[in-house]
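Enquirer: In the numbering used here, the protein residues as written are 91 to 126.
Backbone N, C-alpha and C define an ideal beta-carbon position, used for all residues, glycine too.
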Amino acid sequence: PFVAGRIIDLSKKAARKIDLDKEGVGNVKIIYKKPR
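1) Any idea what DSSP makes of lysine 102, helix, strand or coil?
2) Can you name, in chain order, every residue of its own chain whose Cβ lies under 8 angstroms from the Cβ of aspartate 111, other than the five neighbours on each side?
3) Determine the DSSP secondary structure at lysine 124, reduced to helix, strand or coil.
4) One question on the structure: do isoleucine 98 and valine 115 come within less than 8 angstroms of each other, judged by their Cβ atoms?
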């Protein structure tokens with residue numbers, strides 16, 4: 091669901107990969123990579 095102030099939502103598996111699954115929320119840095 092949409093939450094104001096948040097710009098990305100991860101699956102549980104993706105959150106687990108970056109150690110965010112325990113907290114539930116966290117700060118991330120998003121880097122856009124232009125498609126080739």
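Expert: According to the data block:
1) Locating residue 102 in the sequence shown gives position 12, where the first residue counts as 1. Here lysine 102 sits in helix by DSSP.
2) Reading the sequence shown from its first residue, position 21 is the one you call residue 111. In chain order, Lys102, Ala105 place their CB closer than 8 angstroms to the CB of aspartate 111, counting only its own chain and leaving out the 5 sequence neighbours on each side.
3) Mapped onto the sequence shown, residue 124 falls at position 34. Looking at lysine 124 - three-state DSSP - the assignment turns out to be coil, as it is neither helix nor strand.
4) Here residue 98 refers to the residue found at position 8 of the sequence shown. Here residue 115 refers to the residue found at position 25 of the sequence shown. No.
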